[in-house]
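A.B. asks: For the sequence shown, this note's numbering assigns the number 1 to the initial residue and increments by one for each residue that follows. Glycine included, C-beta positions come from ideal geometry on N, C-alpha and C.
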Amino acid sequence: MIAGPARPAAGCGTGRLVPVNRTPQAHVPLDLLTADPHPVWARLRELGEVVWVPEIDGWVTVTRAAAAAVMRDARSFTVDDPRFSTSRIVGASMLSTDGAAHTAHRRPWADGFRPVAVRDRFTEALRQEIDRLLDDLAEAAEPDLRTGLAAPLATAAMAQALGLSGLEVGQVLDWYRAMVAGVDEVTRGGEPPAAALRAMAGIRHHVAHALSEPASGSVLSDAAAAGGDPAVLAADVAVLLFGGVDTAESMTAIAAHHLLSHPDALRAVAADPALLPGAVQESLRLEPAATRVDRYATADVELAGAAVRAGDLVVVSLSAANRDPAVFDDPDTFDIHRENADQHLSFAIGPHYCLGVHLTTLQTTLALTLLLERFPGIRAAGPLPPVQGFVFRKPLAVPVLLG
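Spelled out as structure tokens, the structure:
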């Protein structure tokens, strides 16, 4: 789940108009970050752990150590800033608050997303949904693992979790797509799109309706029973919806993309399913679904040798952290046997560590396990479209031959 600067702020958000010398500094064409950011981060890493990028109007962390330091220190680097893009669409939520307010948002949801709760509540329903989707894929003229498996599975899982099961899948997808597009637009400096605001209004209406009904057994109803305020829960439902669907869809599609692009790894995993969890972690490391999380400095502070001023935007590059050669040997290589792949920061770290990590990991691992059991001879249907995206990354499609 990601947010960025809604507007470049005069004096970096502090109201100061005096010029400030920020070093190290590097210019980065933003289109390069959409296509393939990894060579850019490698170049910036030669300048320092934290580099000022004028095109972003902020600092970018390009090592794992600097990224972790920022995310762990909510006192010095906050999400609670009017420029935070997600809050401009959904209002205050667990994603855009720190301290006691963040705890109040997150606490009602915590029990429902713990590992045992996720396993017990979702495994059988996910298995049934995956089996249904694989049946459909087997009948498809041109099967695509993104649109035929990853996206509908992620949508169904979050619909169940958030008490949206009574809605058409198309409606949930429309809300999700509008929210993701809205966050991306505001991150680039635009205004919240009307479609995103309409989606948020629809979510508020549905949450109010769902909570007026008897408890449904969803994580939403559990959160309400744990003391969550309906008005507050609606914002968190929106965050969990767009973050949960996008992360799980991308995670499954990208993991499939990596395996299909590396036939030796695919054959190894098909022959030994015990290798799959490590392959999923390595895929997350190599290409996180979301490239960045953003923070705003609350005071002047030194960060890895950089003089960060109060109000400065600090972009925590998860994709750069995950390919830090000081942590990961041969970092640009997909290696399903990598022993420290799980040291990636794709789900962040610190107080904003991804709440849905266990659900999304279960989805991807179970989906790929059942896919390879059903279609052990699966292979790519020609060259695969690349993984791309400015903030949220995924392949346009993952076309396959099922064998």
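Distance, Cα to Cα, R88 vs P152?
C.D. replies: As a first step, residue 88 must be located in the sequence shown, where it is residue number 88. As a first step, residue 152 must be located in the sequence shown, where it is residue number 152. Those two C-alpha atoms are separated by around 27 Å.
A.B. asks: Since W41 and S319 are thought to touch, with beta carbons under 8 Å apart, how far apart are those beta carbons, to the nearest angstrom?
C.D. replies: Counted from its first residue, the sequence shown places residue 41 at position 41. Counted from its first residue, the sequence shown places residue 319 at position 319. Yes, W41 and S319 are in contact; Cβ-Cβ is about 7 Å, under 8 Å.
A.B. asks: Measuring alpha carbon to alpha carbon, tell me which residue in V232, T147 and A321 is nearest V245.
C.D. replies: For the purposes of this step, residue 245 is taken as residue 245 along the sequence shown, with counting starting at 1. Minimum Cα distance to V245 is reached at T147.
A.B. asks: DSSP state of L162, grouped into three classes?
C.D. replies: Mapped onto the sequence shown, residue 162 falls at position 162. Of the three classes helix, strand and coil, the one that applies to L162 here is coil, per DSSP.
A.B. asks: State the start and end residues of the unbroken beta strand (DSSP E) segment that holds L313.
C.D. replies: The sequence position of residue 313 within the sequence shown is 313, counting from 1. First-last of the beta strand (DSSP E) with L313: L313 to S317.
A.B. asks: Do you know offhand how far R323's Cα is from D332's?
C.D. replies: Against the sequence shown, residue 323 aligns to sequence position 323. Against the sequence shown, residue 332 aligns to sequence position 332. Looking at the two C-alpha atoms, the distance is approximately 7 Å.
A.B. asks: Using DSSP with H/G/I as helix, E/B as strand and the rest coil, what is G403?
C.D. replies: Stepping through the sequence shown from its first residue, residue 403 is reached at position 403. The answer is coil: DSSP assigns G403 none of H, G, I, E or B.
A.B. asks: Indicate the three-state DSSP secondary structure (helix, strand or coil) for F84 in the structure shown.
C.D. replies: Here residue 84 refers to the residue found at position 84 of the sequence shown. Of the three classes helix, strand and coil, the one that applies to F84 here is strand, per DSSP.
A.B. asks: Would you verify that the beta carbon of L286 is, or is not, closer than 8 Å to some beta carbon of chain C?
C.D. replies: This model lacks chain C altogether, as it is built from one protein chain only.
A.B. asks: Under the three-state reduction of DSSP, which class applies to R16: helix, strand or coil?
C.D. replies: Translated into the one-based positions of the sequence shown, residue 16 becomes position 16. Low confidence applies to R16: its pLDDT is 42, below 50, so where it sits in the model is not reliable enough to give any reading.
A.B. asks: Expressed to the nearest angstrom, what Euclidean distance is found between the alpha-carbon atoms of L167 and M179?
C.D. replies: What you label residue 167 is simply residue 167 of the sequence shown in a count that begins at 1. What you label residue 179 is simply residue 179 of the sequence shown in a count that begins at 1. Each residue's Cα considered, the two are about 17 Å apart.
A.B. asks: Over what stretch of residues does the alpha helix (DSSP H) that includes A67 continue unbroken?
C.D. replies: Sequence index remark: in the sequence shown, residue 67 carries index 67 (1-based). R64 to R72 is the span of the alpha helix (DSSP H), which, as asked, contains A67.
A.B. asks: Can we say the segment 292 to 308 touches the segment 361 to 372, given the rule of at least three CB pairs closer than 8 Å?
C.D. replies: At 8 Å Cβ cutoff, the stretches do not touch.
A.B. asks: So for A306, helix, strand or coil by DSSP?
C.D. replies: Residue 306 sits at position 306 when you count from the first residue of the sequence shown. Strand, per DSSP.
A.B. asks: Quickly, what does DSSP pair Q25 with across the bridge? List them, please.
C.D. replies: Looking up residue 25 in the sequence shown gives position 25. The partner list for Q25 (beta bridge, DSSP) reads W52.
A.B. asks: Can the beta-carbon of V172 be found closer than 8 Å to that of T86?
C.D. replies: Within the sequence shown, numbered from 1, the residue matching residue 172 stands at position 172. Within the sequence shown, numbered from 1, the residue matching residue 86 stands at position 86. In this structure, T86 does not lie closer than 8 Å to V172 by Cβ.
A.B. asks: For A271 and D144, what's the separation of their Cα atoms in angstroms?
C.D. replies: Along the sequence shown, read from residue 1 onward, the residue named residue 271 stands at position 271. Along the sequence shown, read from residue 1 onward, the residue named residue 144 stands at position 144. Cα to Cα, the separation comes out at about 23 Å.
A.B. asks: What does DSSP give as the partner residues of A290 in its beta bridges?
C.D. replies: By 1-based counting over the sequence shown, the position of residue 290 is 290. According to DSSP, A290 bridges with F392.
A.B. asks: Taking V62 as the reference, give the member of A304, D120, G403 and I336 with the closest Cα.
C.D. replies: Along the sequence shown, one-based indexing puts residue 62 at 62. Checking every option, the nearest Cα to that of V62 belongs to A304.
A.B. asks: Helix, strand or coil: how does DSSP classify Y353 here?
C.D. replies: Counting from 1 along the sequence shown, the entry for residue 353 is found at position 353. Residue state, collapsed to three classes: coil.
A.B. asks: Roughly how many whole angstroms lie between the Cα atoms of V315 and A138?
C.D. replies: As a position in the sequence shown, residue 315 is number 315, starting the count at 1. As a position in the sequence shown, residue 138 is number 138, starting the count at 1. Answer to the nearest angstrom: the Cα atoms are 42 Å apart.
A.B. asks: Does R295 come out as helix, strand or coil in the three-state DSSP assignment?
C.D. replies: Indexing the sequence shown from 1 puts residue 295 at position 295. Three-state result, R295: strand.
A.B. asks: Three-state secondary structure (DSSP) at D144?
C.D. replies: Position 144 of the sequence shown holds residue 144. Strand, per DSSP.
A.B. asks: Give the DSSP-derived three-state secondary structure of V79 in the structure shown.
C.D. replies: One-based indexing of the sequence shown puts residue 79 at position 79. Coil, per DSSP.
A.B. asks: Which residue or residues does DSSP assign as beta-bridge partners of V60?
C.D. replies: As a first step, residue 60 is located in the sequence shown; it is residue number 60 there, counting from the start. In the DSSP output, where bridge partners are listed per residue, V60 has V51 and V315.
A.B. asks: Using 10 angstroms around the beta-carbon of V400, count the other beta-carbons present and answer buried if the total reaches 16, otherwise exposed.
C.D. replies: Residue 400 sits at position 400 when you count from the first residue of the sequence shown. With at least 16 other beta carbons inside 10 angstroms of its own, V400 counts as buried.
A.B. asks: Should Q281 go down as buried or exposed, given a rule of 16 or more other Cβ atoms within 10 Å for buried?
C.D. replies: Start at 1 with the first residue of the sequence shown, and residue 281 comes out as number 281. Flag for Q281 reads buried.
A.B. asks: Where does V327 sit, in a helix, a strand or coil, going by DSSP?
C.D. replies: Translated into positions along the sequence shown, residue 327 becomes position 327. V327 falls in the coil class under three-state DSSP.
A.B. asks: Look at the alpha carbon of V28 and the alpha carbon of G48, and state the distance between them as a whole number of angstroms.
C.D. replies: Translated into the one-based positions of the sequence shown, residue 28 becomes position 28. Translated into the one-based positions of the sequence shown, residue 48 becomes position 48. When rounded, the separation of the alpha-carbon atoms in V28 and G48 is 15 Å.
A.B. asks: Can you give me the C-alpha to C-alpha distance between D464 and A268, rounded to a whole angstrom?
C.D. replies: Here the chain has residues from 1 to 403 only, and residue 464 is not among them.
A.B. asks: In whole angstroms, give me the CA-to-CA distance for F77 and L220.
C.D. replies: For this step, residue 77 is matched to residue 77 along the sequence shown. For this step, residue 220 is matched to residue 220 along the sequence shown. So the two alpha carbons sit approximately 30 Å from each other.
A.B. asks: What did DSSP end up calling R379 once you bin it into helix, strand or coil?
C.D. replies: Numbered from its first residue, the sequence shown carries residue 379 at position 379. R379: strand per DSSP, three-state reduction.
A.B. asks: Going by C-alpha distance, which of A238, L211 and L164 is nearest R177?
C.D. replies: What you label residue 177 is simply residue 177 of the sequence shown in a count that begins at 1. Considering only alpha carbons, the answer is A238.
A.B. asks: Report the rounded CA-to-CA distance for S165 versus R204, giving the unit in angstroms.
C.D. replies: The residue given as residue 165 occupies position 165 in the sequence shown. The residue given as residue 204 occupies position 204 in the sequence shown. Rounded to the nearest angstrom, the two C-alpha atoms are 15 Å apart.
A.B. asks: Could you tell me the alpha carbon to alpha carbon distance between S261 and A289, rounded to whole angstroms?
C.D. replies: Along the sequence shown, read from residue 1 onward, the residue named residue 261 stands at position 261. Along the sequence shown, read from residue 1 onward, the residue named residue 289 stands at position 289. Between S261 and A289, the C-alpha separation is close to 18 Å.
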